[in-house]
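Participant: All residue numbers for the sequence shown refer to this note's numbering, where the first residue is 1 and numbers rise by one. For glycine and all other residues, C-beta sits at the position ideal for the given N, C-alpha and C. Keep in mind that this is a model prediction, so the values were computed, not measured.
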Amino acid sequence: MELGACQDRALRRLVQHAYECVPYYRALFDRQRLRPRHIRGTRDLGLLPFTSKAEMRARPERERIAAGLEPDRLLRVRTSGPAGEPFTVCRTWVEDKVQSSLRLGALRALGIGPRDRLAIVGPTGKPDSGDPKRLGRLLRMLGVHRRTKVDGLVEPDVVLRKLGERRPDILMGFPGMLDRLTAPELTLLRNAVRPRLVLVGGEVSTPAMRARLRDAFDAPVLESYASHEFPLMASSCPDGFNLHVCDDGVVLEVLTDGRPAEPGERGEVVVTNLHAYAMPFIRYRLGDLAARGGDCACGQPCSTIAAIEGRMVDCFPLPDGRRLHPYEIVTRLVREPSDWIRRYQLVQERPDRIVLRVVGTAAPERVAALIAAVRPLLGSGVEFSVEPIDEIPLTAGGKLPPSRSLVRSEYDTLSWTNPGRADA
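(1) Just to confirm the assignment, what range does the alpha helix (DSSP H) spanning Tyr25 have?
(2) Within 8 Å, do at least three Cβ pairs link the region 293-303 to the region 221-233?
(3) Among the residues of its own chain, which have a CB less than 6 Å from the CB of Leu171, if the five just before and after it don't count?
(4) What does Asn273 pair with, by DSSP beta-bridge criteria?
(5) Using the rule of at least 16 other Cβ atoms within 10 Å of the residue's Cβ for burial, across every protein chain shown, is Ala368 buried or exposed?
(6) Over the uninterrupted alpha helix (DSSP H) stretch that includes Arg190, give me the two end residues.
(7) When DSSP labels each residue in this structure, what does Val159 get in the three-state scheme?
(8) In three-state DSSP terms, what is Pro127?
(9) Go ahead and pull the three-state DSSP assignment for Ile172.
(10) Identify, in the order they occur along the chain, each residue of the same chain with its Cβ nearer than 7 Å to the Cβ of Trp332, setting aside the five sequence neighbours on each side.
(11) Measure the Cβ-Cβ separation of Ile282 and Thr51 and say whether it is below 9 Å.
(12) When you compare the region 18-33 with the region 63-74, are there three or more beta-carbon pairs, one atom per stretch, that lie closer than 8 Å?
(13) Does the distance from the C-beta atom of Gly46 to that of Gly4 stay below 9 Å?
(14) With a Cβ-Cβ cutoff of 9 Å, do Leu102 and Cys90 count as a contact?
(15) Consult DSSP for His325 and reduce its assignment to one of helix, strand or coil.
(16) On the CB-based measure, 16 or more other CB atoms within 10 Å of its CB, does Ala396 come out buried or exposed?
(17) Count the C-beta pairs between the region 377-390 and the region 300-308 that are closer than 8 Å, then say yes if the count reaches three, no if not.
(18) Could you spell out where the beta strand (DSSP E) holding Asp320 opens and where it closes?
(19) Given Cys6, which residues of its chain have a CB within under 8 Å of its CB, disregarding the five upstream and five downstream residues?
(20) Please classify Val154: is it buried, with 16 or more other beta-carbons within 10 angstroms of its beta-carbon, or exposed?
(21) Taking buried to mean at least 16 other C-beta atoms within 10 Å of its own C-beta, is Leu213 buried or exposed?
(22) Identify which residue in Pro175, Asp320, Gly68, Thr256 has its Cα closest to the Cα of Ser224.
(23) By how many angstroms is the C-alpha of Arg190 removed from the C-alpha of Leu181?
(24) Going by Cα to Cα distance, which pick from Gln348, Val386, Asn273 is closest to Pro364?
(25) How many Å lie between Val271 and Glu185 at the Cα?
(26) DSSP three-state label for Leu110, please.
(27) Over what stretch of residues does the beta strand (DSSP E) that includes Leu222 continue unbroken?
(28) Verify the contact flag: Leu171, CB atom, against every heavy atom of the ligand HEM, threshold strictly below 8 Å.
(29) Mapping the DSSP letters down to three states, classify His244 as helix, strand or coil.
(30) CA-CA distance, Met209 and Asp179?
(31) Can you tell me which of Gly299, Val251, Phe29, Arg357 puts its alpha carbon nearest to the alpha carbon of Ala276?
(32) Are the beta-carbon atoms belonging to Phe384 and Leu356 less than 9 Å from one another?
(33) Among Tyr344, Pro238, Leu48, which one has its Cα closest to the Cα of Gln32?
(34) Output the distance between the C-alpha atoms of Lys97 and Leu104, rounded to the nearest integer angstrom.
(35) Enumerate in chain order the residues of its own chain whose CB-to-CB distance from Ile39 is below 7 Å, with the five nearest sequence positions on each side excluded.
(36) What residues are listed by DSSP as bridge partners for Glu95?
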């Protein structure tokens with residue numbers, strides 16, 4: 001069946017389910033006097049109201065989960081909130097496996113085979129979803145997609161030694177964490193790591209970052225675009241500059257002033273997950289900006305995006321010479337009982353001063369516990385404080401960077417008129 005027809009059918013089924021089974025969406029559609037019969041396919045997307053993380057968090061979780069499902073029996077992933085808004089995503093075991101199959105398909109399209117050894121560099125302290133992952137363990141025992149997780153928050157030389165022991169075919173991770181491994185003094189350790197491909201995602205990667213990674217590891221650098229709500233939205237075309245949208249898993253819109261953006265035009269990313277039924281995400285505003293792509297030079301009949309602006313994460317240069325990745329602090333927000341944090345932003349005001357701006361209210365002892373958990377990471381002479389605030393202002397582009405260094409930010413030089421691809 002043609003891709004467009006498959007999307008239309010999946011969207012009709014999802015909207016019908018959301019209206020009948022999810023109180024949050026029934027109330028949302030009723031306010032718009034909208035009924036499932038009004039949605040015949042993607043051409044009617046404009047009739048559907050937007051939703052967002054902030055709006056969903058304002059309602060009880062029970063109203064966001066489909067009737068008949070027990071929340072405690074669902075897979076739960078608490079995200080640290082790439083847009084500065086902590087959030088818990090729920091899905092069934094079957095939905096999780098469907099999303100996994102889409103990711104595996106994307107890996108195959110990038111030339112990553114089932115026998116390749118994968119190394120994933122990222123924060124390893126995230127809470128588990130509760131999925132026993134028996135299927136994944138069985139596949140890896142059979143030698144399929146053998147993968148190793150390496151804590152990207154430890155010292156770069158430690159990361160490289162672990163990677164050298166495992167000698168991965170494919171190196172994956174947050175660009176900011178991988179970029180720490182490109183320092184010239186680490187060349188000898190890096191020579192023991194010879195991946196065939198570097199795949200980055202989870203943060204915006206600048207052209208300069210991609211160029212350093214390409215040169216340091218002597219391998220092409222490709223990108224993926226994903227989130228906890230949408231485990232795969234797009235991934236690089238190996239033969240061109242665009243990112244292929246995962247059209248069989250999501251409907252991804254790029255909107256400018258409420259209308260679909262033209263190819264090359266920048267707009268807001270709005271996404272619908274076609275396979276999320278336990279906790280649906282329909283016309284969900286991610287808070288990211290992107291440039292819409294045109295027809296891809298590779299000839300694939302998929303929609304594309306040309307560039308992404310979102311989840312920009314600055315590393316913090318500290319007085320002792322370290323570059324602190326802000327996830328070292330953010331993971332404490334996830335581990336500690338931090339349900340009082342509605343929105344946050346980390347700001348490095350000076351090399352020796354970092355402030356966590358928080359929209360939310362908590363007892364003084366909880367704030368003190370958070371400060372006590374973070375301060376040992378920073379070293380002596382670096383001040384860390386929590387600043388309650390009524391609202392965190394957005395940038396001129398309507399973004400809320402979750403971390404920002406006023407000392408040095410590579411993103412200050414990122415050009416939207418010509419985003420470029422240094423690894424092309």
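Facilitator: In short, the structure shows the following:
(1) As a position in the sequence shown, residue 25 is number 25, starting the count at 1. Looking at the DSSP string, the run of the alpha helix (DSSP H) that includes Tyr25 is 23-31.
(2) no
(3) Taking the first residue of the sequence shown as position 1, residue 171 is located at position 171. Excluding positions up to five away in sequence, the list reads Ala119, Pro195, Val198.
(4) One-based indexing of the sequence shown puts residue 273 at position 273. Partner(s): Val250.
(5) Here residue 368 is taken as the residue at index 368 of the sequence shown, counted from 1. Ala368 is exposed by the Cβ-count criterion.
(6) On the sequence shown, residue 190 is found 190 positions in, with the first residue counted as 1. Element bounds for Arg190: 187-190.
(7) Residue numbering aside, residue 159 sits at position 159 when the sequence shown is read from its first letter. Residue state, collapsed to three classes: helix.
(8) The count along the sequence shown starts at 1 and reaches residue 127 at position 127. Here Pro127 scores only 42 on pLDDT, less than 50, and its place in the model is too uncertain to base an answer on.
(9) Here residue 172 corresponds to residue number 172 of the sequence shown, with the count starting at 1. Position check: residue 172 holds Met in this sequence, whereas Ile was assumed. If DSSP states are grouped into helix, strand and coil, Met172 belongs with the strands.
(10) Reading the sequence shown from its first residue, position 332 is the one you call residue 332. According to the sequence as given, residue 332 is Arg; it is not Trp. Answer for Arg332: Leu370, Ala373, Val374, listed in chain order.
(11) Residue mapping note: residue 282 aligns to position 282 of the sequence shown, counting from 1. Residue mapping note: residue 51 aligns to position 51 of the sequence shown, counting from 1. Yes; because the gap between Cβ atoms is below 9 Å, this pair is in contact.
(12) yes
(13) To locate residue 46, count along the sequence shown from 1; it is residue 46. To locate residue 4, count along the sequence shown from 1; it is residue 4. Against a cut-off of 9 Å, the Cβ pair of Gly4 and Gly46 comes out as no contact.
(14) For the purposes of this step, residue 102 is taken as residue 102 along the sequence shown, with counting starting at 1. For the purposes of this step, residue 90 is taken as residue 90 along the sequence shown, with counting starting at 1. No, Cβ-Cβ distance for Leu102 and Cys90 is not below 9 Å.
(15) As a position in the sequence shown, residue 325 is number 325, starting the count at 1. For His325, the three-state secondary structure derived from DSSP is coil.
(16) Within the sequence shown, the letter at position 396 stands for residue 396. Any answer about Ala396 is weak, because its pLDDT of 48 lies below 50 and its placement is not dependable; what the coordinates show is given next. Ala396 is exposed by the Cβ-count criterion.
(17) no
(18) Counting from one through the sequence shown, the residue named residue 320 turns up at place 320. Element bounds for Asp320: n/a, residue is neither H nor E.
(19) As a first step, residue 6 must be located in the sequence shown, where it is residue number 6. For Cys6, where only same-chain residues beyond five positions count, the Cβ hits under 8 Å are Asp248.
(20) Counting from 1 along the sequence shown, the entry for residue 154 is found at position 154. Looking at its Cβ environment, which holds fewer than 16 other Cβ atoms inside 10 Å, Val154 is exposed.
(21) Translated into the one-based positions of the sequence shown, residue 213 becomes position 213. Buried: at least 16 other Cβ atoms inside 10 Å.
(22) Working through the sequence shown from its first residue, we reach residue 224 at position 224. Minimum Cα distance to Ser224 is reached at Pro175.
(23) Position 181 of the sequence shown holds residue 181. Position 190 of the sequence shown holds residue 190. Taking the Cα positions, Leu181 is about 8 Å away from Arg190.
(24) Numbered from its first residue, the sequence shown carries residue 364 at position 364. Nearest of Gln348, Val386, Asn273 to Pro364, Cα basis: Val386.
(25) For the purposes of this step, residue 271 is identified with residue 271 of the sequence shown, where counting begins at 1. For the purposes of this step, residue 185 is identified with residue 185 of the sequence shown, where counting begins at 1. Their Cα atoms are separated by approximately 42 Å.
(26) What you label residue 110 is simply residue 110 of the sequence shown in a count that begins at 1. In the structure shown, Leu110 sits in coil (DSSP, three-state: anything other than H, G, I, E or B).
(27) Position 222 of the sequence shown, counted from the first residue, corresponds to residue 222. That run of the beta strand (DSSP E) goes 221-225.
(28) Judged by which ligands are present, the structure shown has none, so any question about the ligand HEM falls away.
(29) Looking up residue 244 in the sequence shown gives position 244. Strand, per DSSP.
(30) Looking up residue 209 in the sequence shown gives position 209. Looking up residue 179 in the sequence shown gives position 179. Their backbone Cα atoms lie some 6 Å apart in a straight line.
(31) The residue given as residue 276 occupies position 276 in the sequence shown. Of Gly299, Val251, Phe29, Arg357, the residue nearest in Cα terms is Val251.
(32) Position 384 of the sequence shown, counted from the start, is the residue given in the question as residue 384. Position 356 of the sequence shown, counted from the start, is the residue given in the question as residue 356. The answer is yes: Cβ separation under 9 Å.
(33) Within the sequence shown, the letter at position 32 stands for residue 32. If you compare the alpha carbons of Tyr344, Pro238, Leu48 with that of Gln32, the shortest gap goes to Leu48.
(34) The residue given as residue 97 occupies position 97 in the sequence shown. The residue given as residue 104 occupies position 104 in the sequence shown. Each residue's alpha carbon lies about 10 Å from the other.
(35) Position 39 of the sequence shown, counted from the first residue, corresponds to residue 39. For Ile39, where only same-chain residues beyond five positions count, the Cβ hits under 7 Å are Leu11, Arg12, Val15, Leu47, Leu48.
(36) Locating residue 95 in the sequence shown gives position 95, counting from the first residue. The partner list for Glu95 (beta bridge, DSSP) is empty, contrary to what the question assumes.
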